[in-house]
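Since the structure comes first, as structure tokens, the remarks are kept for the end.
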Amino acid sequence: GGADDDRLAGDAGRDLLGGGTGRDQLDGGIGSDTLLGGAGSDMLRGGDGNDLLRGDGGNDRLHGGGDDDRLAGGDGRDMLSGGDGADRLKGQDDDDRLYGGDGNDSLAGGTGHDVLRGEAGDDLLTGGGARDLLSGGAGDDVLKGGDGNDRLRGGTGVDRLTGGDGADTFVFLRLEDSGLGDAADRITDFISGEDRIDLSDLADAFVFSEAGLTGTGPSVALDEGASHTRVQVDVDGDGAADMEIVVKHAIGLDADDFIF
Numbered sequence: 004g005g006a007d008d009d010r011l012a013g014d015a016g017r018d019l020l021g022g023g024t025g026r027d028q029l030d031g032g033i034g035s036d037t038l039l040g041g042a043g044s045d046m047l048r049g050g051d052g053n054d055l056l057r058g059d060g061g062n063d064r065l066h067g068g069g070d071d072d073r074l075a076g077g078d079g080r081d082m083l084s085g086g087d088g089a090d091r092l093k094g095q096d097d098d099d100r101l102y103g104g105d106g107n108d109s110l111a112g113g114t115g116h117d118v119l120r121g122e123a124g125d126d127l128l129t130g131g132g133a134r135d136l137l138s139g140g141a142g143d144d145v146l147k148g149g150d151g152n153d154r155l156r157g158g159t160g161v162d163r164l165t166g167g168d169g170a171d172t173f174v175f176l177r178l179e180d181s182g183l184g185d186a187a188d189r190i191t192d193f194i195s196g197e198d199r200i201d202l203s204d205l206a207d208a209f210v211f212s213e214a215g216l217t218g219t220g221p222s223v224a225l226d227e228g229a230s231h232t233r234v235q236v237d238v239d240g241d242g243a244a245d246m247e248i249v250v251k252h253a254i255g256l257d258a259d260d261f262i263f
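Residues 4 to 263, numbered by the working numbering, are exactly what the sequence shown covers, in order.
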């Protein structure tokens, strides 16, 4: 491209497309392509093949398409979507939104207040240096908040949640967000009095019980081990746990560690 707003399309081979300055649209098509947005707010579509997409300057939109793609937003408030395949997404500077799509993806937010959604597959989400929102989606995911006051939601599957520095919130919106026994999510670095576990969407009102689940309504109880606490959540009030959450290296939690 050049200084104007360009539209560039590749063919079935291994293409190299560079937008230059301006608001450009780059479409790699079939094949393993390299798309470079340059300055300006650009739209990049990799298509089929193992593509490399770099937004560079501006508020860019990057879509990997099929196969295993690498996407890097660069400067600006970018949106990155991996699509099918095992993709690697890096938001880099500013406030970005990253969507893994299908496949086992790796998402890294970088600087800025980023939103990372793994969607389907066993994904690795890493927040970075500011206040981020991480949502694993379906699959057995690993979420790492990094610096800042982050919100982490594993979604379905057996997830491993690490808040990192800052006052982090571990969010459970539905019963499917964590299972029982070995199927329970694990929080690895909970700090009592700083981090919190948000159960407020599961029931209208919980009772925090130090004597086990009450059996008279929604309640939360703790089963403490030598080096961890198993949080038991009874939503329907029958006295049996509907969900469990394992909080590693944390003993002596109380009601203030939860959002009900």
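Idealized CB from N, CA, C, for every residue including glycine.
As the structure is a computational prediction, the values presented were derived from the model and not from experiment.
Own chain, CB closer than 8 Å to residue i, minus 5 neighbours either side, in chain order
i, result
"D241", "G218"
9 Å Cβ cutoff met for residue i and residue j
i, j, result
"G25", "D8", "yes"
"L101", "L127", "no"
"I200", "I248", "yes"
"G85", "D59", "no"
"D63", "D81", "yes"
"G16", "G43", "no"
"R189", "D171", "no"
Member of the options whose CA lies at the smallest distance from the CA of residue i
i, options, result
"L205", "E122, L74, V174, D99", "V174"
"G167", "T129, G196, D201, R189", "T129"
"L92", "L65, H231, S212", "L65"
"N107", "D198, D188, A75, V145", "V145"
"G5", "D18, R17, D27, G16", "D27"
"A75", "D105, L110, G104", "L110"
"F193", "S203, F261, F211", "F261"
Cutoff 6 Å; reference residue i; Cβ partners in own chain excluding five residues on either side
i, result
"D96", "D78, T114"
"R48", "D30, H66"
7 Å Cβ shell around residue i - same chain, five flanking residues per side excluded
i, result
"D245", "L178, V236, D237, V238, D239"
"D71", "N53, G88, A89, D90"
"D51", "I33, G68, G69, D70"
Per DSSP, the bridge partner or partners of residue i
i, result
"A258", "None; A258 has no bridge partner."
"I200", "F173, F261"
"I248", "D188, V234"
"G21", "L39"
"S44", "None; S44 has no bridge partner."
Buried or exposed by the 16-neighbour rule on C-beta atoms within 10 Å, applied to residue i
i, result
"G196", "exposed"
"S222", "buried"
"E227", "exposed"
"S138", "buried"
"G61", "buried"
"D185", "exposed"
"E213", "exposed"
"S181", "buried"
"R10", "exposed"
"A229", "exposed"
"D207", "exposed"
"D36", "buried"
"L83", "buried"
"A243", "exposed"
"G148", "buried"
"L164", "buried"
"L19", "exposed"
"A187", "buried"
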